[in-house]
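Mapped onto full-length UniProt numbering, the consecutive letters of the sequence shown carry residue numbers 1 to 411.
C-beta atoms are modelled at their ideal positions from N, C-alpha and C, and glycine is treated no differently.
These numbers were taken from a predicted model, which means no experiment stands behind them.
Notes to accompany the following structure.
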Amino acid sequence: MAFPLSQRDSARGIPDAVLAGLAGVTAAALGPLAAMAPRGLPVWAILIALIALAGLTRRGALGRLQRAMPGTAVVLAFLALASLSILWSPSPRAGLTVVEIGYIGLGALAGGAWLSSLPGVEARRLTGLFLFGIFAGVLLFAVEAALDFPLHRWWNHVPAGVEIAESNVPKRTAVLLCLLVWPAAMALDRAGRRGAAFLLPAIFAAACLLLTSRSAMLGVAAGGAAFALALRSPRLVRGALAAVLTVAFVFVLPLVLLFDRVLNLDGADWLFPSARHRVEIWGMAADRALETPFVGQGIDASRALDPERAVSRFGTLTDSLLPLHPHNAFLQIWLELGALGAALALAAALLLLLGTGRFERRLQPFALALFASGLAMASTAYGIWQAWWMGGMLAAGLMLRLAARTPAGGE
Numbered sequence: 001m002a003f004p005l006s007q008r009d010s011a012r013g014i015p016d017a018v019l020a021g022l023a024g025v026t027a028a029a030l031g032p033l034a035a036m037a038p039r040g041l042p043v044w045a046i047l048i049a050l051i052a053l054a055g056l057t058r059r060g061a062l063g064r065l066q067r068a069m070p071g072t073a074v075v076l077a078f079l080a081l082a083s084l085s086i087l088w089s090p091s092p093r094a095g096l097t098v099v100e101i102g103y104i105g106l107g108a109l110a111g112g113a114w115l116s117s118l119p120g121v122e123a124r125r126l127t128g129l130f131l132f133g134i135f136a137g138v139l140l141f142a143v144e145a146a147l148d149f150p151l152h153r154w155w156n157h158v159p160a161g162v163e164i165a166e167s168n169v170p171k172r173t174a175v176l177l178c179l180l181v182w183p184a185a186m187a188l189d190r191a192g193r194r195g196a197a198f199l200l201p202a203i204f205a206a207a208c209l210l211l212t213s214r215s216a217m218l219g220v221a222a223g224g225a226a227f228a229l230a231l232r233s234p235r236l237v238r239g240a241l242a243a244v245l246t247v248a249f250v251f252v253l254p255l256v257l258l259f260d261r262v263l264n265l266d267g268a269d270w271l272f273p274s275a276r277h278r279v280e281i282w283g284m285a286a287d288r289a290l291e292t293p294f295v296g297q298g299i300d301a302s303r304a305l306d307p308e309r310a311v312s313r314f315g316t317l318t319d320s321l322l323p324l325h326p327h328n329a330f331l332q333i334w335l336e337l338g339a340l341g342a343a344l345a346l347a348a349a350l351l352l353l354l355g356t357g358r359f360e361r362r363l364q365p366f367a368l369a370l371f372a373s374g375l376a377m378a379s380t381a382y383g384i385w386q387a388w389w390m391g392g393m394l395a396a397g398l399m400l401r402l403a404a405r406t407p408a409g410g411e
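Following this line, the structure appears as structure tokens:
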């Protein structure tokens with residue numbers, strides 16, 4: 001099938017058939033990749049950025065990138081601050097982190113512009129391949145879990161006697177599927193299968209009860225609540241999420257100090273141990289953030305902060321105060337890039353949230369559910385700069401854009 005990126009024949013650049021093949025493989029591979037090799041998502045992100053740039057160049061549509069100029073300007077300012085902060089960051093991989101943020105940003109900019117330019121027939125083809133890949137990935141992961149992860153054990157050289165269900169292997173897949181379930185549901189809705197679109201997140205929510213990832217459970221619960229409310233009033237849900245986002249960025253430091261120092265939740269017996277440990281981590285991170293409140297400790301500093309004789313009740317601190325990151329995106333940005341970084345990140349997130357209002361009203365609940373899921377999990381789980389996690393959020397956002405571009409069933 002020809003790849004209809006241009007209305008005129010062109011001998012320049014990559015042939016249309018090659019672009020079509022690469023795009024199809026990339027869309028279909030997303031589900032199996034999330035299921036079996038989540039840490040491969042940075043490669044997926046780089047590939048989709050290159051495909052998008054090639055597609056835009058081939059049809060002479062690079063000017064589409066200018067349409068996202070407000071958001072691009074904010075992201076570039078954030079990258080400039082992060083790059084400058086390398087000078088005072090204690091992390092030896094600070095520069096690499098900036099590069100990773102950069103190619104994720106490029107993937108979002110170029111990928112969004114390219115997907116928005118696709119003809120309906122090509123968008124439908126890629127959406128079908130994405131759905132096929134997601135269902136294949138879910139089936140593969142289910143079989144793996146039922147058989148005690150034989151492929152994961154073989155690939156990662158994990159002995160048979162070692163417990164894997166409680167490790168990060170299934171948890172990474174669970175949180176990625178928690179994101180990807182919403183663009184998949186939107187794609188089903190666009191295909192005229194609204195019942196299946198409603199059923200898919202519900203099935204995933206039930207499956208989460210069998211998994212060990214509390215972050216995925218929280219994410220699917222937050223997404224489901226946002227989806228249900230947005231069916232009645234997308235504007236109300238968008239406003240509520242904007243308020244939550246603003247409060248989280250502005251008040252995260254006093255809130256976590258309240259939890260840790262006043263309410264002493266790190267010692268609350270009614271909380272499960274990992275939650276208590278998170279509260280302690282948040283308190284330690286907030287203390288360090290207050291030492292450099294304007295521009296932070298430097299990008300990626302979370303993984304390399306000197307403990308300075310700090311003591312943890314949950315284990316012995318070694319050469320780093322925190323276990324790689326604070327398990328809270330808002331706190332991590334404050335810690336590493338200070339108030340200036342938090343202001344820029346808040347602006348970028350609000351622009352992204354407001355962008356959900358440009359979808360058809362019927363599709364907005366899916367977009368808001370994805371935003372709520374990502375927001376909930378970013379508040380409690382992985383380091384915001386982990387490349388596979390950024391790649392997962394990028395993939396979910398781009399597939400949402402692709403599903404929205406697909407003509408409705410029957411058109």
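How is residue i classed by DSSP in three states: helix, strand or coil?
i: L241; result: helix
i: I203; result: helix
i: F371; result: helix
i: H327; result: coil
i: G195; result: helix
i: D300; result: coil
i: N264; result: coil
i: E100; result: helix
i: G137; result: helix
i: W385; result: coil
i: V279; result: helix
i: S91; result: coil
i: D287; result: helix
i: P159; result: coil
i: I333; result: helix
i: E122; result: helix
i: T292; result: coil
i: D306; result: coil
i: I86; result: coil
i: L115; result: helix
i: A408; result: coil
i: P4; result: Any reading at P4 needs caution, since the residue's pLDDT is 43, under 50, leaving its predicted position unreliable; the model's value is listed next. In this structure, P4 counts as coil in the three-state DSSP scheme.
i: I164; result: coil
Taking the alpha carbon of residue i as the point to measure from, which residue in the options has its own alpha carbon closest?
i: A202; options: G192, A222 and G24; result: A222
i: L306; options: S85, G55, A73 and S91; result: According to the sequence shown, residue 306 is Asp rather than Leu. D306 has its Cα closest to that of S91, out of S85, G55, A73 and S91.
i: residue 461; options: A54, G355, Y382 and I86; result: Only positions 1 to 411 of the chain appear in this structure, which leaves residue 461 out of reach.
i: L76; options: L344, G409, G392 and G357; result: L344
i: G374; options: A285, F78 and A216; result: A216
i: A225; options: R214, S213 and L241; result: L241
i: G24; options: F78, G102 and G133; result: G133
i: F204; options: F141, V247, R39 and L257; result: F141
i: A329; options: G283, L126, A369 and A248; result: A248
i: T292; options: R261, V262, L253 and F259; result: L253
i: residue 427; options: R261, G192 and L394; result: For the chain, the structure presents residues 1 to 411; residue 427 sits outside this window and is missing.
i: L258; options: D287, A17, R235 and G296; result: D287
i: A207; options: R172, G383, W389 and V138; result: V138
i: Q297; options: A342, L353, R153 and D266; result: A342
i: I281; options: D260, L290 and A268; result: D260
i: A396; options: G102, V121, L180 and A136; result: L180
i: L200; options: L131, H277, A243 and I164; result: L131
i: A45; options: L402, L398, A196 and G409; result: L398
In or out: residue i buried (at least 16 other Cβ within 10 Å) or exposed?
i: P170; result: buried
i: H157; result: exposed
i: L30; result: buried
i: P273; result: exposed
i: G391; result: buried
i: G60; result: exposed
i: E336; result: buried
i: S85; result: buried
i: V256; result: buried
i: R8; result: With a pLDDT of 41 at R8, under the threshold of 50, the predicted position of this residue should be treated as unreliable, though the coordinate-derived value follows. Result: exposed.
i: P70; result: exposed
i: V98; result: buried
i: F251; result: exposed
i: A404; result: buried
i: V262; result: exposed
i: W270; result: exposed
i: residue 441; result: Shown here, the chain extends from 1 to 411; a query on residue 441 therefore has no answer.
i: F294; result: exposed
i: S233; result: exposed
With a cut-off of 8 Å on the beta carbons, I'd call residue i and residue j a contact; round off their distance for me.
i: T380; j: R124; result: Not really, about 37 Å apart at Cβ, beyond 8 Å.
i: L33; j: L41; result: 6 Å
i: M36; j: L176; result: About 11 Å; that fails the 8 Å criterion.
i: P38; j: W385; result: Not a contact, Cβ separation roughly 15 Å.
Just checking residue i against the ligand SAM - is the residue's beta carbon closer than 7 Å to any of the ligand's heavy atoms?
i: A187; result: Among the ligands in the structure shown, none appear at all, so the ligand SAM cannot be discussed.
With a threshold of 8 Å, are at least 3 pairs of Cβ atoms found where one atom belongs to the region 81 to 97 and the other to the region 294 to 306? yes
Are the region 139 to 151 and the region 363 to 372 touching, with three or more C-beta to C-beta distances below 8 Å? no
Is it the case that the region 49 to 65 contacts the region 108 to 117, given that we only count it when at least three CB pairs across the two stretches are under 8 Å? yes
With a threshold of 8 Å, are at least 3 pairs of Cβ atoms found where one atom belongs to the region 50 to 58 and the other to the region 80 to 87? no
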